[in-house]
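J.:
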Amino acid sequence: MKQFYLFVIFLAVQVAAFGQQPKEILLYDKIEETIPEEHIHDQGGNLIVSKVTNPSLTAYIPSGKAKAAVIICPGGAYENLHIQREGFRVAEAFNKEGVAAFVLKYRLPDEQIVQDAAFAPLKDAQRAIQLVRERATEWGVDPDKVGIMGFSAGGHLASSLGVHYDTLLVDNDREINLRPDFMILIYPVISFSDEITHGGSKHNLLGDHPSEESVKFFTNDLQVNTESPKTVLIHAGDDGLVPVDNSVYFYEALRKHHVPAELHIYSRGNHGFGETPAFGEWFGRCIHWLKTEKEIMN
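Using this note's numbering, the first residue of the sequence shown is number 2, and each one after it goes up by one.
#1: Does DSSP put Tyr250 in a helix, a strand or coil?
#2: Just reading off the alpha helix (DSSP H) that Ala92 is part of, what are its end residues?
#3: Bridge partners of Phe152, per DSSP?
#4: Taking DSSP's pairing of strands, which residues face Ser51 in a bridge?
#5: Rounded to the nearest angstrom, how far is the Cβ of Ala237 from that of Tyr252, given a contact under 8 Å?
#6: Gly241 to Glu282, Cα distance in whole Å?
#7: Would you give the residue range spanned by the alpha helix (DSSP H) that Glu263 belongs to?
#8: For His289, which residues in the same chain have their Cβ closer than 6 Å to its Cβ, ignoring the five residues on either side in sequence?
#9: Which complete alpha helix (DSSP H) runs does the region 107–140 hold, if anything under 4 residues is left out?
#10: Go to Thr293, then tell me how far its alpha helix (DSSP H) extends in each direction, as first and last residue.
#11: What do you reckon, are the CB atoms on Asn205 and Leu109 nearer than 9 Å?
#12: Using the Cα positions of Ala94 and Leu105, report the straight-line distance between them to the nearest angstrom.
#13: To the nearest angstrom, report how far apart Asp239 and Val50 are at their CA atoms.
#14: What does a CB cutoff of less than 8 Å around Leu7 pick up in its chain, not counting 5 residues either side in sequence?
#15: With distances taken from CA atoms, which of Ser64, Glu296, Gln131 and Thr54 is nearest Glu34?
#16: Does DSSP put Val225 in a helix, in a strand, or in coil?
#17: Leaving out the 5 sequence neighbours to the left and right, which residues in its chain are closer than 8 Å to Ser1 when beta-carbon positions are compared?
#18: Within 8 Å, do at least three Cβ pairs link the region 115–132 to the region 163–170?
#19: Considering just the uninterrupted stretch of the beta strand (DSSP E) at Lys68, what are its terminal residues?
#20: Between the beta-carbon of Ala67 and the beta-carbon of Gly148, is there less than 9 Å?
#21: Pull up the distance between the alpha-carbon of Tyr61 and that of Ile73, whole angstroms please.
#22: Grouping DSSP H, G and I as helix and E and B as strand, with all else coil, what is Ala78?
#23: Between the C-alpha atoms of Lys217 and Gln44, what's the straight-line distance to the nearest angstrom?
#24: Return helix, strand or coil for Glu214, following the three-state DSSP convention.
#25: Check this for me: beta carbons of Gly270 and Thr277, under 9 Å apart or not?
#26: Around the C-beta of Gly275, are 16 or more other C-beta atoms found within 10 angstroms, so that it is buried, or is it exposed?
Structure, rendered in structure tokens:
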């Protein structure tokens, strides 16, 4: 009998912490898949997705009053999405802190699947924040506390939304605000300058011979202005795939334009943060920053 009561208490705690069960919501009306979506797993058993035709948000809604929300963009060099390790796992951690989280499964720039491929991920990010704000009351979210988070190439997408929210790619008759209230960028690709970019992400998004105009448009440190969202950046100094200069340049651009920003650089961690720094360490810094910014999380 004692074990039964302990189990009931455990279930109650889980419901209180996580609220509703995660639910996938399509961003647009469903499109018939001409190329099947691919699911594989890495050596650790984590799900990786590619060939996305029907982009979606997976909603993790905790219990409680109106709250902050974050849209999470997994990385994968604009070739695939590490949706479990850089998506679902992170969303669960946010729920434990009382933050609503939405994992964005965005379309990748594949001309076989989508037209105007370079802008498809950004269009999906705009639609994602539009959808969260449209349904904010339903999900118990404060529409003035909706931010975006991204890892690696997902960090490029997140920062692209932060600097190009006013480049309208979605129908917006209701004039929903598409600007994120904050950004959390984890070992992000920021620049498409050859000296510091991640070549795979740049090539996959823009192709073999991108124009100078498109390279500049997607070099996000060059697009910062005084209206850019407040930001926290976390990177490792020994990152061998995405040089830490990406985060440094973005931080300096934010400071130049008097946008509140924090930058945390670990001496070790490489790309993807395996065992060092530990998840609780870098994620804890994100939560501390959100709590410090009292208008976001109080």
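Just so it is clear, CB atoms sit at the ideal spot from N, CA and C, and this is done for glycine as well. Note that the structure is a prediction, hence the values are computed from the model and not measured.
T.: Reading off the structure:
#1: Helix, per DSSP.
#2: Arg90 to Lys97
#3: Ile187
#4: In DSSP, Ser51 forms a bridge with Glu39.
#5: Actually they are not in contact, since the Cβ atoms of Ala237 and Tyr252 sit about 15 Å apart, beyond 8 Å.
#6: 21 Å
#7: Unbroken run through Glu263 is the beta strand (DSSP E), Ala262 to Tyr267; no alpha helix (DSSP H).
#8: Taken in chain order, the list of residues that qualify is empty.
#9: 121–135 and 137–140
#10: Taken as a continuous stretch (DSSP letters only), the alpha helix (DSSP H) holding Thr293 covers Phe280 to Thr293.
#11: Contact flag set, yes.
#12: Taking the CA atoms as reference points, Ala94 sits about 16 Å from Leu105.
#13: 27 Å
#14: Note that Leu7 has pLDDT 33, beneath the 50 cutoff, so the model's placement of it is unreliable and the number below is only indicative. Counting only residues of its own chain and dropping the five nearest sequence neighbours on each side, Leu7 has no CB closer than 8 Å to any other CB.
#15: Nearest C-alpha to Glu34: Thr54.
#16: Three-state DSSP puts Val225 in coil, outside helix and strand.
#17: Because residue 1 is not part of the residues shown, which for the chain are 2 to 299, the question remains open.
#18: yes
#19: Looking at the DSSP string, the run of the beta strand (DSSP E) that includes Lys68 is Lys68 to Cys74.
#20: no
#21: 11 Å
#22: Residue state, collapsed to three classes: coil.
#23: 36 Å
#24: helix
#25: yes
#26: exposed
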